[in-house]
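Enquirer: One structure is given below, represented as structure tokens, and several questions about it will come after.
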Amino acid sequence: MKRPGAARGGGGQGGGNHGEGTNAQQNQQQMKKKKTIQTNNVLGNILGNIKKTTSGSNTSNTNTVAVRSSLMTPQERALERRKTFEKDVKEKIEKEVTTKWEASGGAETATFSFQPMVKMWRDVLHECASEMQTTSESIEIEDVMDENGDPMKFVRVYKLSKKEEEEKKQLEISLREKAEKAKREMLAFRKKESLTDKAPAFGDALSELRVAREGEKRDKRSVEETIADMRKAKEG
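Numbering (the UniProt record's numbering), first residue to last: 1 to 236.
Here it is, written out as structure tokens:
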């Protein structure tokens, strides 16, 4: 027969072993948590440093741009603004006109209208449109003036469909031929007029202005004789 005390003792030892195993598992879990926390801290520090570096870099770039801008002359700043404007305009024309025209295969006219602007920027816009092989025109807005007192206008940029472009070329050729024909007719008329006009009769006019011959003089006295006669008349 087994003594109850022995049985209880064996059970207590087994319970002790089980408790040691539980403690070991808890220790392992705590170690894993510590490693995870440490890893998260390391990643957090790295990301934080990256953000700080990026923020510092952006601030540095902003400061560099500000310093460079402050060192530029008015002419250089104006040139910089023009370059930025040209870049924006060309991107807009490419997107709203050229790309849409190409998407239709040239079957449709692509048009885009820019916001109203002063003449200086309209001129730049026209240059950009010409470089990109599109057509542009300034359209006046009624009863609206700009800061200089000039009529406010906006610029419309478009690229005609292939059909309309061909019609436009034919119309230009027709108008040019009519203008050249009218010019030739005017020159021919002037040439004909100059050949048929009566030449001036210089002979009649010159006959009145010719010098009188010796026998045709009314008073044949010399100057001395005329003066002597005048003295005699005065004395008498």
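For glycine and all other residues, C-beta sits at the position ideal for the given N, C-alpha and C.
Since the model is a prediction, treat every value here as computed from it, not as a measurement.
Can you give the Cα-Cα distance for residue 239 and K87, rounded to whole angstroms?
Expert: Lying outside 1 to 236, the shown extent of the chain, residue 239 is not represented and no answer is given.
Enquirer: Should S138 be flagged as near chain B, meaning a C-beta pair shorter than 8 Å?
Expert: This model lacks chain B altogether, as it is built from one protein chain only.
Enquirer: Give me, in chain order, the residues of the same chain whose beta-carbon lies closer than 6 Å to that of T111; leave out the 5 immediate sequence neighbours on both sides.
Expert: Here the set comprises Y158.
Enquirer: So, helix, strand or coil for M137, using DSSP?
Expert: At residue 137 the sequence reads Glu, which differs from the Met that was named. Of the three classes helix, strand and coil, the one that applies to E137 here is strand, per DSSP.
Enquirer: Output the boundary residues of the alpha helix (DSSP H) element that contains P116.
Expert: That residue, P116, is in no alpha helix (DSSP H); it is neither H nor E in DSSP.
Enquirer: I'd like to check one pair, S161 with A107: are the Cβ atoms closer than 8 Å?
Expert: Contact flag set, yes.
Enquirer: State the start and end residues of the unbroken alpha helix (DSSP H) segment that holds K87.
Expert: Element bounds for K87: P74 to I93.
Enquirer: Let's see if you can read the secondary structure: which residues bound the alpha helix (DSSP H) around T98?
Expert: Note, T98: premise wrong, no alpha helix (DSSP H); not H, not E.
Enquirer: Rounded to the nearest angstrom, what separates A182 and E164 at their Cα positions?
Expert: Rounded to the nearest angstrom, the two C-alpha atoms are 27 Å apart.
Enquirer: So, using beta-carbon positions, are K153 and S174 closer together than 8 Å?
Expert: Cβ atoms of K153 and S174: not closer than 8 Å.
Enquirer: Is there at least one non-hydrogen atom of the ligand GDP closer than 7 Å to the beta-carbon of K169?
Expert: Looking at this structure, you won't find the ligand GDP or any other ligand, since it has none at all.
Enquirer: For V89 versus T134, is the C-beta distance shorter than 8 Å?
Expert: Against a cut-off of 8 Å, the Cβ pair of T134 and V89 comes out as no contact.
Enquirer: Looking only at DSSP bridge pairs, what is K159 linked to?
Expert: Partner(s): A110.
Enquirer: Cutting at 6 Å between CB atoms, please list the residues of its own chain near residue 253, excluding the five before and the five after it.
Expert: Within the shown structure, residues of the chain are numbered from 1 to 236, placing residue 253 beyond reach of any answer.
Enquirer: Can you look up M132 in the DSSP assignment and give me helix, strand or coil?
Expert: Of the three classes helix, strand and coil, the one that applies to M132 here is coil, per DSSP.
Enquirer: Work out the CA separation of E91 and L79 for me, nearest whole Å.
Expert: Straight-line Cα distance between these residues: approximately 18 Å.
Enquirer: Can you tell which of K169, A179 and G149 has the C-alpha that lies nearest to the C-alpha of M117?
Expert: Of the listed residues, the one whose Cα sits closest to M117 is G149.
Enquirer: Drop a sphere of 10 angstroms on the beta-carbon of S113, count the other beta-carbons inside from all chains shown, and report buried for 16 or more, exposed for fewer.
Expert: Exposed, since its Cβ has fewer than 16 Cβ neighbours within 10 Å.
Enquirer: Out of E76, M72, M120 and E127, point me to the one whose CA is closest to I93's CA.
Expert: If we check each option's Cα against that of I93, E127 comes out closest.
Enquirer: Measuring straight from C-alpha to C-alpha, what distance separates D123 and R190?
Expert: Approximately 41 Å between the Cα atoms of the pair.
Enquirer: As a quick exercise: from K232, R156, S222 and D229, pick the residue whose alpha carbon is nearest that of S130.
Expert: Minimum Cα distance to S130 is reached at R156.
Enquirer: In the structure shown, what three-state DSSP assignment does D150 receive?
Expert: Coil, per DSSP.
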